[in-house]
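I have placed the structure first, in the form of structure tokens, so that the comments after it can refer back to it.
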Amino acid sequence: MDDEILLLWGDVSGHWTQDVMDNAASINVVLLKVPTRYTYACQPADVAWNHPFKTRLCRRWVERLRARIANHHAQERIHAAKARESTNKIADIASKEIQAVAREKIAKLQAENESAAFELVAPKRQEITAWIAESPGIAEEQENTQTISSVLDGLADLGVADEAVHSSDKFISSSSSDDE
């Protein structure tokens with residue numbers, strides 16, 4: 004075999020070993036380096052078979068990468084939503100715990116200062132009767148103050164009010180009448 008054969012070979016470092024070049028020279032093959040990705044334009048087999056095959060492989064690889072990236076972004080959104088939900092739950096729990104502690108402290112302070120709280124206590128019947136009898140407005144409107152005393156005495160006879168209290172009387176509270 005005296006004819007030399009030209010072989011256009013891609014410039015991939017793994018192919019260009021010394022053993023390969025020695026073997027090619029021994030069988031009259033001339034190796035010509037072609038820049039990577041240009042072999043499809045230089046050799047008929049690459050043009051017919053390898054280029055469409057490599058193009059499909061590349062397209063599928065890119066589609067797969069895009070799908071994985073889209074899936075990753077979707078997972079990130081789901082993860083971010085879960086993280087926000089967890090953060091909100093943590094904030095709610097912390098707020099409730101803080102409020103519970105605050106409620107306990109407030110209740111403790113209120114228990115210590117019970118006497119400081121204002122209590123509205125209804126007046127006793129004797130007090131109201133005394134207020135009515137001693138009221139200067141009522142005494143001035145009536146010509147006869149004895150009439151008011153007699154009305155109050157009448158109410159006392161019926162058991163609705165105590166005896167009339169006169170302005171000259173001393174008001175002394177007894178334990179039995181305070182309980183009414």
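Here the numbering used here runs 3 ahead of the position in the sequence shown, where the first position is 1. We treat Cβ as the ideally placed atom computed from N, Cα and C, and that holds for glycine.
Quiz prompt | Extent of the continuous alpha helix (DSSP H) to which Val185 belongs | solution = Any question about residue 185 goes unanswered here, given that the chain covers just 4 to 183.
Practice problem: Give the single residue among Arg87, Leu155, Asp6 whose Cα lies nearest to the Cα of Ile135. | Solution: Leu155
Quiz item: From Leu68 to Lys99, what distance separates their C-alpha atoms?
Solution: Approximately 46 Å, taken between the alpha carbons.
Exercise. Identify the continuous beta strand (DSSP E) that holds Lys36 and give its terminal residues.
Key: Counting along the chain, the beta strand (DSSP E) containing Lys36 begins and ends at 32-37.
Practice problem: Going by CA-CA distance only, name the one from Thr20, Trp52, Ile96, Leu11 that's closest to Val32. | Solution: Leu11
Quiz item: CB Asp14 to CB Pro38, shorter than 7 Å?
Solution: yes
Quiz item: What's the call for Ser133, buried or exposed, on a 16-neighbour Cβ count within 10 Å?
Solution: The amino acid occupying residue 133 in the given sequence is Ala; Ser does not appear at that position. By the 10 Å Cβ count, Ala133 comes out buried.
Exercise. Verify whether the separation of the beta carbon atoms of Ala27 and Leu35 is less than 7 Å.
Key: no
Exercise. Compute the Euclidean distance between the alpha carbons of Leu158 and Arg128, then round it to the nearest angstrom.
Key: Near 12 Å, if we compare the C-alpha coordinates of Arg128 and Leu158.
Quiz prompt | Host beta strand (DSSP E) of Gly162 (start-end) | solution = Here Gly162 belongs to no beta strand (DSSP E), and DSSP marks it neither H nor E.
Quiz item: Tell me the DSSP bridge mates of Ile8?
Solution: Per DSSP, Val32.
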